[in-house]
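A quick write-up on the structure given underneath.
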Amino acid sequence: MSGALRIGIAGIGTVGAGALAILRDHAAMIEARAGQRLEVVAVSMRDPNKPRSVDLSGLKLVPHPEALADEPLDVVVELMGGHEGAAHQLVTRALTRGKHVVSANKALIAHHGMALAALAETHDRVLAFEAAVAGGIPIIAAIRSGLAANRLTRVAGILNGTCNYILSKMLEADADFAEVLAEAGKLGYLEADPALDIDGIDAGHKVSILAALAFGTVPDFAGVKLGGIREVTLRDMHYARDFGYRIKLLGIAERRDEALLQRVEPCLVPVSSPLASVDGAYNAVEVEGDAVGRVVFEGRGAGAGPTGSAVVADLIAIARGDRYPPFTLPTGQLARARALDAAAREGCYYLRLSLKDEPGVLAEFTREFAAQHISVKSIVQREIAEDGSAQVVVVTHHTNEAAMQRVVKSIAALPCTTRTPVLLRIHA
Ligand code: NAP
Ligand code: HSE
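Position 415, counted from 1, in the sequence shown is what numbering that gives the first Met the number 0 calls 414; the numbers after and before it change by one each time, with no gaps.
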């Protein structure tokens, strides 16, 4: 076996400590698989006096993370987070100084992935980020290798464990969003800025990375239409369940010809779908390919062990000599796909209406569906809400977004409508 692969880690928080523990606990097995000893020689963190869950004695403590790029290392592992500042500077400098880089930082890759991939290419180094998407699920390796024979058409999934925990818990405990959000905070699930989770930004970062890998396109985070879970109500969760669906926050990237539709939003998924039964802080990703059909991956999307597992897998691949472009294709071959407008979406819809409970109302609003040539699959009047309005749920057959938006607009303007209609897309 050749000499050790010398590693420096910036950030010894949840993921850094997890990766370090795996490297130590499985040192002999990892060496056998990598064909080389993986040796962490230097670390950097913000506060060296903070108590850590892993022993750092014997490791060189580098006060400023960027300085790791100047150390005699083969690989720099960036586990600090944030898409600007220290993380961006370290990764840029490390690649420029000829180090391979491993990162779990989805924000950094979503915002700067293309420039960093070009830098890695120029310096003939690896930039690997398996841990950035879906934690312990090896979805990037699967797209790059296992599914490489396919023209992929859609990647979709539960990409934010915190939101999945909140939505699952709301239904299970019959609790509202604010209550479960507070609980998620106490459990340490929320990002330092909770908006990253609950407004769909974190899932959007992951969607843009998956889309680039799956479709051979330039990562386009700005092209992701973001939606979150703040407005998801228990009422809609109950109605959806009665219709045979569950509500999940999904990240979806679809290729239509050479254009791309990327979005994050709460969707109804049929209970028969594998995604419907993925509960708690778990992630799941569906990939659709022309040869393989639909493949579904499920597992823990966060935490020291799962995310550390993905970081160490990248390190083993580097030690073995695996060399591949960060986004599967060389940067010069990545296409700049046209971003499809959200109105290009097609599928079935769930619409909840709040209406006056009066004769003739049913005829009044169903006319609007007929006017847009939308076929209704089912209509149920559920109950009278606290404000005295009748709650009517409509599930449509296959239609298109533009027609559906016209219906929502015209129903919202009817005199019988008491509140803004709630529209959710059905993922099939
Ligand atoms: P964390 O627990 O907050 O740890 C961050 C670490 O980075 C800490 O050790 C911190 O130092 C250090 N750090 C932060 N800013 C620094 C700076 N300017 N200079 C030096 N050190 C700095 O974060 P984490 O949860 O491990 O996440 C790390 C990365 O992995 C992030 O990009 C995150 O998005 C990604 N990720 C996390 C998970 C997860 O389950 N947690 C899953 C997937 C991906 P101190 O300890 O001294 O404060
Ligand atoms: N905040 C993220 C989540 C962490 O809840 O999924 C893992 O990327």
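Ideal placement from N, C-alpha and C gives every residue a C-beta, glycine not left out. Remember, it's a predicted structure, so these values are computed and weren't measured experimentally.
When distances are taken from the beta-carbon of Asp198 to the heavy atoms of the ligand HSE, even the shortest one reaches 7 Å or more.
In the assembly as shown, Gln332 is an exposed residue. Its beta-carbon has fewer than 16 other beta-carbons within 10 Å.
Ranked by how close their Cα comes to the Cα of Val393, the residues Pro414, Phe368, Leu118 have Phe368 in first place. Nearest to Pro64 by alpha-carbon distance, out of Leu55, Glu38, Ala239, Val42, is Val42. When beta bridges are read from the DSSP output, Gly298 appears opposite Asn282.
DSSP, read as helix, strand or coil, puts Gln261 in strand. Non-local beta-carbon contacts of Lys224 in its own chain, meaning distances under 6 Å to residues more than five positions away in sequence, involve Arg262, Ala341 in chain order. Between the ligand HSE and Asn104, a heavy atom-to-CB distance of less than 7 Å is absent.
With a threshold of 16 other beta carbon atoms within 10 Å, Val379 falls short and is exposed. Annotation for Leu354: the continuous beta strand (DSSP E) segment containing it runs 345-354.
Under the DSSP definition of a beta bridge, Ile383 partners with Ala389. Secondary structure of Ile246 (DSSP, three-state): strand.
Contact check for Ile246 and Leu267: beta-carbon distance about 6 Å, within the 8 Å limit, so the pair qualifies. Between Lys49 and Ile11, the alpha-carbon positions lie close to 10 Å from each other. Within the chosen limit of 7 Å, the ligand NAP does not reach the beta carbon of Val206 with any heavy atom. Distances from the CB of Asn159 to the heavy atoms of the ligand HSE include at least one below 7 Å. Sixteen is the threshold: since fewer than 16 other Cβ atoms of the shown chains lie within 10 Å of the Cβ of Glu382, the residue is exposed. Ala109 has its CB no nearer than 7 Å to any heavy atom of the ligand NAP.
Linking Gly298 to Lys105 through their CA atoms gives a straight-line distance of about 18 Å.
Distance check between His372 and each of Val75, Arg92, His396 places His396 closest, using alpha-carbon atoms only. Between Val206 and Ala252, the alpha-carbon positions lie close to 6 Å from each other. Gly7 places its beta carbon less than 8 Å from that of Val40.
Exclusion of the five residues before and after Arg92 leaves Glu65, Ala68 as the residues of its chain whose Cβ lies within less than 7 Å of its Cβ. The alpha-carbon of Asp192 is positioned some 15 Å away from that of His204. The stretch 334-348 makes no contact with the stretch 142-161, as fewer than three CB pairs between them are under 8 Å. The shortest C-alpha to C-alpha distance from Thr152 to any of Glu257, Leu354, Leu158, Asp196 is the one to Glu257. By the criterion of a C-beta distance shorter than 7 Å, Arg96 is surrounded in its chain by Ala68, Asp69, once the five residues flanking it on both sides are discounted. Remark: the shortest separation between the CB of Ala301 and any heavy atom of the ligand HSE falls under 7 Å. With a cut-off of 7 Å, the C-beta of Ile138 is classified as distant from the ligand NAP, since no heavy atom of the ligand falls inside that distance. Between the beta-carbon of Val76 and that of Ala9 there is about 7 Å, and that keeps the pair under the 8 Å contact cut.
By the criterion of a C-beta distance shorter than 7 Å, Thr306 is surrounded in its chain by Val14, Gly17, Ala103, Ala130, Gly134, Gly135, once the five residues flanking it on both sides are discounted. Going by C-alpha positions, Leu115 is about 11 Å away from Pro324.
In this structure, Gly300 sits near Gly160, with a CB-CB distance shorter than 8 Å.
Taken through DSSP and simplified to helix, strand or coil, Thr327 comes out as coil. Closer than 7 Å to some heavy atom of the ligand HSE: that describes the Cβ of Tyr188. Our two residues, Ala183 and His122, have alpha carbons roughly 42 Å apart in a direct line.
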